[in-house]
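The next block holds one structure in the form of structure tokens; read it before the comments.
Residue numbers (our numbering), protein chains in the order written: chain A, 63 to 242; chain B, 63 to 242.
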């Protein structure tokens with residue numbers, strides 16, 4: 063496993079994004095992102111300045127109904143923040159059949175794990191309706207850590223907190239299953 | 063849930079540590095920690111300077127055979143790095159019976175989740191033999207982020223990577239169980 067800073071990126075990186083609709087730099091939607099913050103766990107204690115700083119490192123995309131924003135098994139490394147719309151998360155079972163797991167909406171973040179560890183995508187995320195989302199790539203995250211260490215720490219703290227809570231929930235669920 | 067920086071600490075914080083044997087500041091064992099780094103995922107790309115810097119924020123403790131270093135359900139907020147010895151991790155089942163889950167040794171880190179999110183301990187960790195470990199409290203982590211942002215980012219990147227990998231493993235395991 064390569065760490066965040068060392069990793070070399072293959073040329074075909076994040077090819078899936080090229081199938082979607084780039085709307086522009088995220089700083090054009092700072093206002094919208096900022097309004098959405100109340101609903102987003104991820105941004106719960108970000109200031110307006112933090113959001114403006116962060117938006118300068120993100121791009122905004124649109125996916126139409128049925129389009130895939132993240133595909134299980136692919137090697138790419140962006141995190142997405144849903145600004146508008148709904149996304150279904152599903153995972154292939156042992157027969158290769160896609161099994162829906164959950165649906166998320168505005169304020170949810172997806173794809174943190176691959177952004178962090180560079181490993182293949184764990185699940186597939188498909189837009190259930192026209193969906194607008196902001197993208198933070200691993201390269202941008204590395205630049206934030208180097209160029210804006212204060213903001214970098216704030217995002218990293220959010221990520222560890224988010225992952226820690228998911229790990230608790232998933233571990234509890236697993237233990238419950240094992241006990242049955 | 064309170065975030066890392068905001069949290070107020072209750073006076074009885076980390077009371078369990080007081081039942082163990084404080085050996086001193088971790089900078090007295092930098093050499094030993096540094097030798098151990100090869101075995102530790104956590105420190106895999108830390109330089110000697112990083113370890114020296116970090117050690118200044120840690121304390122070293124000893125637990126005798128059978129002593130508890132982390133107790134499920136307790137609210138405390140330190141991470142431990144095992145320097146020497148072996149620790150069994152177990153969790154109470156629905157009958158309250160402790161069920162052993164795994165055994166870890168030198169180089170392993172334990173207790174990251176509570177250090178990060180301040181929530182109660184998820185499992186119990188008991189020394190299987192005389193065990194020496196270094197302790198990093200949440201307060202120290204906050205100080206590192208503020209006073210040594212470069213080192214802070216490095217530790218946070220390690221933590222997100224570690225949690226991400228555990229979450230992948232646990233989620234896979236859970237899906238496997240659910241499919242059975």
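Backbone N, C-alpha and C define an ideal beta-carbon position, used for all residues, glycine too.
Helix, strand or coil at residue i according to DSSP, with G and I counted as helix
i, result
"residue 175 of chain B", "helix"
"residue 209 of chain A", "helix"
"residue 73 of chain A", "In this predicted model, residue 73 of chain A has a pLDDT of only 44, less than 50, meaning its place in the structure is not dependable enough to derive any value."
"residue 202 of chain B", "helix"
"residue 106 of chain A", "coil"
"residue 296 of chain B", "No information on residue 296 of chain B is available, as it lies outside the stretch 63 to 242 that chain B covers here."
"residue 183 of chain A", "coil"
"residue 226 of chain A", "helix"
"residue 137 of chain A", "coil"
"residue 148 of chain A", "coil"
"residue 190 of chain A", "coil"
"residue 242 of chain B", "coil"
"residue 115 of chain A", "helix"
"residue 90 of chain A", "helix"
"residue 231 of chain A", "helix"
"residue 236 of chain A", "helix"
"residue 163 of chain A", "strand"
Cβ pair residue i, residue j closer than 7 Å
i, j, result
"residue 215 of chain A", "residue 207 of chain B", "yes"
"residue 86 of chain B", "residue 113 of chain B", "no"
"residue 156 of chain B", "residue 186 of chain B", "no"
"residue 213 of chain A", "residue 115 of chain A", "yes"
"residue 193 of chain A", "residue 165 of chain A", "no"
"residue 222 of chain A", "residue 236 of chain B", "no"
"residue 124 of chain B", "residue 83 of chain B", "yes"
"residue 140 of chain A", "residue 95 of chain A", "no"
Straight-line gap, residue i to residue j (C-alpha atoms, nearest Å)
i, j, result
"residue 145 of chain A", "residue 168 of chain A", "5 Å"
"residue 205 of chain A", "residue 242 of chain B", "43 Å"
"residue 76 of chain B", "residue 227 of chain A", "21 Å"
"residue 131 of chain B", "residue 233 of chain A", "21 Å"
"residue 102 of chain A", "residue 170 of chain A", "6 Å"
"residue 108 of chain B", "residue 92 of chain B", "12 Å"
"residue 78 of chain A", "residue 89 of chain B", "48 Å"
"residue 160 of chain A", "residue 154 of chain A", "4 Å"
"residue 117 of chain B", "residue 163 of chain B", "29 Å"
"residue 72 of chain B", "residue 80 of chain A", "With a pLDDT of 45 at residue 72 of chain B, under the threshold of 50, the predicted position of this residue should be treated as unreliable, though the coordinate-derived value follows. Rounded to whole angstroms, residue 72 of chain B to residue 80 of chain A spans 50 Å at the Cα level."
"residue 178 of chain A", "residue 128 of chain B", "37 Å"
"residue 199 of chain A", "residue 120 of chain A", "8 Å"
"residue 195 of chain B", "residue 174 of chain B", "14 Å"
"residue 180 of chain B", "residue 203 of chain B", "12 Å"
"residue 97 of chain B", "residue 104 of chain B", "13 Å"
"residue 209 of chain A", "residue 184 of chain A", "30 Å"
"residue 239 of chain B", "residue 238 of chain A", "10 Å"
"residue 158 of chain B", "residue 126 of chain A", "50 Å"
"residue 133 of chain B", "residue 188 of chain A", "41 Å"
"residue 231 of chain A", "residue 231 of chain B", "13 Å"
"residue 147 of chain B", "residue 147 of chain A", "52 Å"
Expected contact under 8 Å - CB spacing of residue i and residue j to nearest Å
i, j, result
"residue 138 of chain A", "residue 176 of chain A", "7 Å"
"residue 172 of chain A", "residue 142 of chain A", "5 Å"
"residue 211 of chain A", "residue 135 of chain A", "No, residue 211 of chain A and residue 135 of chain A are not in contact; Cβ-Cβ is about 34 Å, not under 8 Å."
"residue 229 of chain A", "residue 219 of chain B", "Not quite, the Cβ-Cβ distance comes to about 17 Å (not below 8 Å), so this is no contact."
Near the ligand GTP: residue i beta-carbon under 6 Å from a heavy atom
i, result
"residue 188 of chain B", "The ligand GTP is absent from the structure shown, which contains no ligand whatsoever."
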